[in-house]
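**Student:** Dropping the structure in here first, questions after.
Residue numbers (our numbering): 102 to 497.
See the structure below:
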């Protein structure tokens, strides 16, 4: 089914539950404190450090969703209280902060930090303390293997996000593809998904290049890319890597017909690269043109609160709070086992599509689209029959 034909609902939590309501008292007090106590949610995000740009997007999405839900009356008649801490893009800090959340037994549920590298350690603590955690930007299915208290709520698995690039490229007459990824599993998986689609699209893999995640000088990587003379370059990289690699190719005088990056949706991509971001390809689970109900409220609220463009990371974080709130509503209380069951078994509509997960907690409901920067905005270009899709402007 096309994303454009799905029916979604707004932020009002009681309407987002597609499955029948679960147990618990009507006032939400069963297993979860008195009805006038806030529902406490713990989370860390990277407001400083290497992931600060993406972490800020996630923070914005979390906070906006909580604010709008509370303005609409909260969940089970109770307000949401978000305890949001800066993890400094450091796994050790993530471990300390989530241990503090969980050790005091004062949080009812958890939201994840940004990314799989930080989401993994947090997930293990959620398991240890048997507390439900909804992940917004943890794209690696490996994080969820063997877990019972974690769900992928705000995006699709990493190997799917750019998997349509070979088909998109072939549709536009380009077939020679080079893949570049850092050596973190989450980014390698993104390129794995692209590589798996090359043959079916009638394409050719020119080269696959892996570099250390600590790399800051991409001149030699750019030189190797240019030597293969591909038509398409897919950068399976963190935001600062993608910015550096795109700039290094330009400085080396090489310009492929298509550049694609999983982090192109981050406003920092366009802000840092300026004209070099024009016609670049990224992915998103969110576009206002897709018409999911609640999108207008989200976009308007985001513009008013942050004065910066809506992006996929913020939308995914917003949707994650929608999912967690709907699961609490379905559970009828903040009882952790009941909420966890609702997260794993429920189906909830969000601004990025209909949420559902498989038996491991990995997302199965959302469908990513490809966008292109055109005239400074993100325009849907693939699938070409999606609502609001426009013709791609190529070459890059």
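Built from N, CA and C at the ideal position, the CB exists for glycine as well.
These figures come from a predicted structure and were not determined experimentally.
Quick check on the burial criterion: 16 or more other C-beta atoms within 10 angstroms. Buried or exposed for residue 406?
**Tutor:** It counts as exposed.
**Student:** For a quick check, are the C-beta atoms of residue 171 and residue 414 less than 7 Å apart?
**Tutor:** Contact flag unset, no.
**Student:** Consult DSSP for residue 187 and reduce its assignment to one of helix, strand or coil.
**Tutor:** Residue 187: strand per DSSP, three-state reduction.
**Student:** Any idea what DSSP makes of residue 275, helix, strand or coil?
**Tutor:** The answer is coil: DSSP assigns residue 275 none of H, G, I, E or B.
**Student:** Throw me the rounded Cβ distance for the residue 305 and residue 348 pair, which I believe falls under 8 Å.
**Tutor:** Their Cβ separation, rounded to whole angstroms, is 26 Å, which puts residue 305 and residue 348 out of contact at 8 Å.
**Student:** Assign residue 356 to one of two classes, buried (16 or more other C-beta atoms within 10 Å of its C-beta) or exposed (fewer than that).
**Tutor:** Flag for residue 356 reads exposed.
**Student:** Taking a contact to mean a Cβ-Cβ separation below 7 Å, would you say residue 319 touches residue 346 in this structure?
**Tutor:** Yes, the Cβ-Cβ distance between residue 319 and residue 346 is below 7 Å.
**Student:** So the candidates are 196, 398, 238 and 197; which of them puts its Cα closest to the Cα of residue 463?
**Tutor:** It is 238.
**Student:** Return the chain-ordered ranges of every alpha helix (DSSP H) run that is complete within the stretch 340–394 and spans a minimum of 4 residues.
**Tutor:** Listed in chain order, they are 340–352 and 368–374.
**Student:** Which ranges would you report for the beta strand (DSSP E) in the stretch 406–458 if only whole runs of at least 3 residues count?
**Tutor:** Taking only runs of at least 3 residues, the beta strand (DSSP E) segments lying wholly in the stretch 406–458 are 449–451 and 454–456.
**Student:** Classify residue 324 as buried or exposed, calling it buried when 16 or more other Cβ atoms lie within 10 Å of its own Cβ.
**Tutor:** Answer is exposed; the Cβ neighbour count stays below 16.
**Student:** Report yes if the CB atom of residue 255 is closer than 7 Å to the CB atom of residue 420, and no otherwise.
**Tutor:** Closer than 7 Å, so yes.
**Student:** Taking only the alpha-carbon atoms, compute the straight-line gap between residue 129 and residue 466 and give it to the nearest angstrom.
**Tutor:** Since pLDDT at residue 129 reaches only 45, below the 50 mark, its modelled position is unreliable, and no value is offered.
**Student:** Give the range of the alpha helix (DSSP H) segment to which residue 150 is assigned.
**Tutor:** No alpha helix (DSSP H) holds residue 150; DSSP gives it neither H nor E.
**Student:** Helix, strand or coil for residue 488, going by three-state DSSP, please let me know.
**Tutor:** Residue 488: coil per DSSP, three-state reduction.
**Student:** Between residue 184 and residue 143, which are expected to be in contact by the criterion C-beta below 8 Å, what is the C-beta distance as a whole number of angstroms?
**Tutor:** With a Cβ gap of about 5 Å, residue 184 and residue 143 count as contacting.
**Student:** Just to confirm my understanding: we take residue 127, look at its own chain, exclude 5 residues before and 5 after, and list those with CB closer than 6 Å. What are they?
**Tutor:** Reliability of the predicted coordinates at residue 127 is poor, the pLDDT of 41 falling under 50, and no value is obtained from them.
**Student:** Excluding five sequence neighbours on each side, which residues of the same chain lie with their C-beta closer than 6 Å to the C-beta of residue 244?
**Tutor:** Taken in chain order, the residues that qualify are 217, 220, 221 and 224.
**Student:** Rounded to the nearest angstrom, what separates residue 137 and residue 389 at their Cα positions?
**Tutor:** Each residue's alpha carbon lies about 35 Å from the other.
**Student:** With 16 other CB atoms within 10 Å as the buried threshold, where does residue 123 fall?
**Tutor:** With a pLDDT of 38 at residue 123, under the threshold of 50, the modelled position of that residue is not reliable, and no figure is offered here.
**Student:** Return the Cβ separation of residue 231 and residue 402 in integer angstroms, given the expectation that the two are a contact with Cβ distance under 8 Å.
**Tutor:** Between residue 402 and residue 231 the Cβ distance is about 34 Å, and since that is not below 8 Å, they are no contact.
**Student:** Got a sec? Which residues, its chain only, sit under 7 Å from residue 152 by beta carbon, not counting five neighbours each side?
**Tutor:** 190, 215 and 216, listed in sequence order.
**Student:** Less than 7 Å separating the beta-carbons of residue 361 and residue 444?
**Tutor:** Against a cut-off of 7 Å, the Cβ pair of residue 444 and residue 361 comes out as no contact.
**Student:** Could you tell me whether the stretch 466–484 touches the stretch 377–391, where touching means 3 or more Cβ pairs closer than 8 Å?
**Tutor:** In short, these stretches touch, since the Cβ pair count reaches three.
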